[in-house]
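Undergrad: One structure is given below, represented as structure tokens, and several questions about it will come after.
Protein chains in written order, with my numbering: chain X, 8 to 400; chain Z, 932 to 1324.
So, in structure tokens, the structure goes:
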């Protein structure tokens, strides 16, 4: 790359042909162009913004929000609570649907992915048709279908479909049995956390015992220790009282109420992402060479052992990176909530924007919220990935 | 005299060959499989009979009354011939490609012909039927032209030229009255957004990917920052931002049609994803290729253009098509920012007073359109992969 040091002055490379100088020059020109471009945009924007909404500041966040939200995991009063509180409730609503969505989509994807490889011809065809249909239609249309045709056409509250276990389906959403916390709840939480430490000690102690029954199952034993302690404390303290949903007038009382919007968004995200995860799982399992499985059987591992010790770790290595992408997609796709009116962070921000006209600030807040969610998710998945990654020699 | 030849081998039992054998092997190999089969049969029965009853008994008036809206939106009635002419040009080129390239072009041409043929049977106006029959003929004429001339190079140029020609024809140039993009709608708008998004985001994405691999730190940092920022936020935020902010970024007095703003958003968003796909391809090219090229005296840019990119882009075809399928599906999001693409028209049609409560028909219809296009693209990519031999070397 770099030319050899010139031996005499006459052979010196002029600066405009010197690669080192040119490299630096090219970068300076590039940065200058970019800066010029952004300066031009910003200049236009400040002029435009000053017409619309005044100086750049986040002070408006302290003003009372004065718009109602359909779903509030925290107590929220539009008359007194600020825009900031409304925004945070939006973030919480997004997290509520993202966490549940990831868990359920993984489950569905796992089942559908394994079903695609089933030796049963019908089962594998059904799974393939599911994947093809849900992958090849837009999520937005699926959400409309779940919301308008699925959830909203359920019977009214008075004629709700009652499922076993006090679960009710109606066009007001899904009513589930839940619990209310008593004042002993905090104490119970402390005991439960302390029990984790006890279980950890039990795990360590069992690791030093030679009895195979105790040694090999020490994870299970430790979990049982924790469960016994936590349940014992729960019986002694009674931290929660169950609350069953019941119909009062035109709506449900008690229990946990999932709104139709939440239910539709969750269903849409789960079925859409589940189809993509199914294909990832299928590809991951197919990536494990047959010879390895046969070799492990030849070495005397049982089928379950081979699955647990050989196939799953090898498949996970292929599965986890694209799976992370799907989780991130799910989190980002949750912003389609606005199409069916679920009060997620994007929906709330949009309302804030419409009321205050603070364009730039609101957009920065939305981007910040999603970037934080995305980065947290990928950080968690990176830790998981590091655990299963190929350990190279 | 009776001579009976005794076969050396016994015939296999009836239960292991033929239909019975297939059934036994694929559906009833174990009692568990048999159980699964009956369960699957039940599921199929419920789904198929439900869909069939719906399709047969429902009133499709909402589709037939609005078919024009679904296809071209509010494109002026007396100018519709321009859309029809564009489709005819496409049909002719496809026919010629069928003769010259076969493979995917043949499947695409047959698909198009099948669509027109089905439409001919349906009760359309006489003029429309004549046009459809004309298109069928044009596919044939194109095939003949391609078959006898074998003008490969002309065809490639014709395809490249067709894009601007169609765009100018639809938008209006010269003596033709201008049809602002705000009047475009339905399938026309969906396709316009996808084609422009694909065509423009591809070069930008390649540029970003090359910049990300660059040895110049300034360019590398800029490209990484851009790619990661865009990939971290949902598409809908980019779309909203472009709708709201683009007018602010531009100097006073300059206005941009909202369809164009959406196109800009799609291009900027998709380019970041295309860049990551291309990066995968670039990283798969062995270092030796570049070193050999440099040793043969090619400079950096020529190495990239002649050696690295052709190989890298070939590797990325499957992922790239996947990206474009998701772009095609994502164009439905413009419905949220108020454009009347296929999804936007669907929501509007479902809210017409004459057709209240007809959402199911509308969404089923457009889901089918999206499904056909996406499935055709993914099928095409699999065929292309085979012909190019990706993954075999």
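We treat Cβ as the ideally placed atom computed from N, Cα and C, and that holds for glycine.
Grab me the residues of residue 285(X)'s own chain with a C-beta within less than 6 Å of its C-beta, minus the 5 sequence neighbours each way, in chain order.
TA: Around residue 285(X): 116, 119, 120 and 138.
Undergrad: Report the residue from 19(X), 35(X) and 24(X) whose alpha carbon sits nearest the alpha carbon of residue 1148(Z).
TA: Closest by alpha carbon: 35(X).
Undergrad: Return the residues of the segment 362-393 of chain X that lie within a Cβ-Cβ distance of less than 8 Å from chain Z, sorted by chain order.
TA: Listed by position along the chain: 366, 367, 370, 373, 374, 377, 378, 381 and 382.
Undergrad: Under the three-state reduction of DSSP, which class applies to residue 1310(Z): helix, strand or coil?
TA: Of the three classes helix, strand and coil, the one that applies to residue 1310(Z) here is helix, per DSSP.
Undergrad: Can you tell me the Cα-Cα spacing of residue 1248(Z) and residue 939(Z), whole angstroms?
TA: Distance between the alpha carbons of residue 1248(Z) and residue 939(Z) is about 54 Å.
Undergrad: Can residue 185(X) and residue 241(X) be called in contact, C-beta distance under 8 Å?
TA: For residue 185(X) and residue 241(X), no; Cβs fall outside 8 Å.
Undergrad: Taking C-alpha atoms, which residue in 55(X), 110(X) and 207(X) lies nearest to residue 233(X)?
TA: Of 55(X), 110(X) and 207(X), the residue nearest in Cα terms is 207(X).
Undergrad: Check each residue of the segment 1163-1187 of chain Z: if its Cβ is closer than 8 Å to any Cβ of chain B, include it; give the result in chain order.
TA: Structure shown: chain B not included; protein chains present are X and Z.
Undergrad: Excluding the five sequence neighbours on either side, which residues of its own chain have a C-beta within less than 7 Å of the C-beta of residue 964(Z), listed in chain order?
TA: Within the same chain, residue 964(Z) has close Cβ partners 958.
Undergrad: Pick from 339(X), 361(X) and 395(X): whose alpha carbon is nearest that of residue 376(X)?
TA: Nearest C-alpha to residue 376(X): 339(X).
Undergrad: Of all the CB atoms in chain Z, is at least one closer than 8 Å to the CB of residue 205(X)?
TA: Not closer than 8 Å to any Cβ of chain Z, the Cβ of residue 205(X) fails to qualify, so no.
Undergrad: Suppose the cutoff is 8 Å on Cβ atoms and the five residues either side in sequence are ignored; what does the same chain contact list for residue 1308(Z) look like?
TA: Counting only Cβ-Cβ distances below 8 Å, and skipping sequence neighbours, we find 1252, 1255, 1256 and 1259.
Undergrad: Verify whether the separation of the beta carbon atoms of residue 1108(Z) and residue 1010(Z) is less than 8 Å.
TA: Yes. Within cutoff.
Undergrad: For residue 20(X) and chain Z, any beta-carbon pair shorter than 8 Å?
TA: No, residue 20(X) lies away from the interface with chain Z (no Cβ there is under 8 Å from its Cβ).
Undergrad: Where are the alpha helix (DSSP H) runs, 4 residues long or more, that stay fully inside the segment 1151-1225 of chain Z, in chain order?
TA: Those alpha helix (DSSP H) runs which fall completely within the segment 1151-1225 of chain Z and span 4+ residues are 1166-1180 and 1189-1215.
Undergrad: Can you tell me the Cα-Cα spacing of residue 1224(Z) and residue 1230(Z), whole angstroms?
TA: Approximately 8 Å between the Cα atoms of the pair.
Undergrad: Using CA coordinates, which residue listed in 1029(Z), 1250(Z) and 990(Z) is at the minimum distance from residue 1069(Z)?
TA: The candidate whose alpha carbon is nearest that of residue 1069(Z) is 1029(Z).
Undergrad: Around the C-beta of residue 387(X), are 16 or more other C-beta atoms found within 10 angstroms, so that it is buried, or is it exposed?
TA: With fewer than 16 Cβ atoms within 10 Å of its Cβ, residue 387(X) is classed as exposed.
Undergrad: Look up residue 181(X) in the DSSP assignment and say whether it is helix, strand or coil.
TA: Here residue 181(X) sits in strand by DSSP.
Undergrad: Measuring alpha carbon to alpha carbon, tell me which of 396(X), 378(X), 368(X) and 385(X) ends up nearest residue 66(X).
TA: When only C-alpha atoms are compared, the closest one is 368(X).
Undergrad: Enumerate in chain order the residues of its own chain whose CB-to-CB distance from residue 1314(Z) is below 8 Å, with the five nearest sequence positions on each side excluded.
TA: Same-chain partners within the cutoff: 1034, 1035 and 1038.
Undergrad: From 1043(Z), 1198(Z) and 951(Z), pick the residue whose C-alpha is nearest to that of residue 1065(Z); which is it?
TA: If we check each option's Cα against that of residue 1065(Z), 1043(Z) comes out closest.
Undergrad: What is the DSSP secondary structure of residue 1322(Z), reduced to helix, strand or coil?
TA: Legend: pLDDT at residue 1322(Z) = 47, less than 50; position of this residue unreliable, value from coordinates given subsequently. Coil, per DSSP.
Undergrad: Report the residues of the segment 1261-1272 of chain Z with a CB closer than 9 Å to any CB of chain X, ordered along the chain.
TA: Of all residues in the segment 1261-1272 of chain Z, 1261, 1262, 1263, 1264, 1266 and 1267 have a Cβ within less than 9 Å of some Cβ in chain X.
Undergrad: Nearest CA to the CA of residue 1018(Z): which residue from 1049(Z), 1067(Z) and 1007(Z)?
TA: The shortest Cα separation from residue 1018(Z) among 1049(Z), 1067(Z) and 1007(Z) belongs to 1067(Z).
Undergrad: Assuming residue 97(X) and residue 355(X) form a contact by the criterion Cβ under 8 Å, report the distance between their Cβ atoms to the nearest whole angstrom.
TA: The Cβ separation is near 3 Å, so the contact holds.
Undergrad: What does a CB cutoff of less than 6 Å around residue 1001(Z) pick up in its chain, not counting 5 residues either side in sequence?
TA: 1117 and 1276.
Undergrad: Whose C-beta lies closer than 7 Å to the C-beta of residue 953(Z) among residues of the same chain, with five residues either side of it excluded?
TA: Closer than 7 Å at the Cβ level, and outside the excluded window around residue 953(Z), lies no residue.
Undergrad: Within a Cβ cutoff of 8 Å, which residues of the same chain sit near residue 392(X), ignoring the five residues on either side of it in sequence?
TA: Taken in chain order, the residues that qualify are 327, 328 and 331.
Undergrad: Please decide whether residue 1202(Z) counts as near chain X, where near means a Cβ-Cβ distance under 8 Å.
TA: It does not; no Cβ of chain X falls within 8 Å.
Undergrad: Going by DSSP, name the residue or residues bridged to residue 249(X).
TA: According to DSSP, which records beta bridges pairwise, residue 249(X) is partnered with 186(X).
Undergrad: Considering Cα atoms alone, identify which of 1179(Z), 1208(Z) and 1281(Z) is closest to residue 992(Z).
TA: Ranking the options by Cα distance to residue 992(Z), first place goes to 1281(Z).
Undergrad: Counting contacts by CB-CB distance shorter than 8 Å, is residue 1286(Z) in contact with chain X?
TA: It does not: the Cβ of residue 1286(Z) has no partner Cβ on chain X nearer than 8 Å.
Undergrad: Identify which residue in 80(X), 110(X) and 352(X) has its Cα closest to the Cα of residue 334(X).
TA: With distances taken between Cα atoms, residue 334(X) lies closest to 110(X).
Undergrad: I need the straight-line Cα distance from residue 1054(Z) to residue 1197(Z), nearest angstrom please.
TA: Cα-Cα distance, rounded: 37 Å.
Undergrad: When the Cα atoms are used, what is the spatial distance from residue 219(X) to residue 260(X)?
TA: Distance between the alpha carbons of residue 219(X) and residue 260(X): 52 Å.
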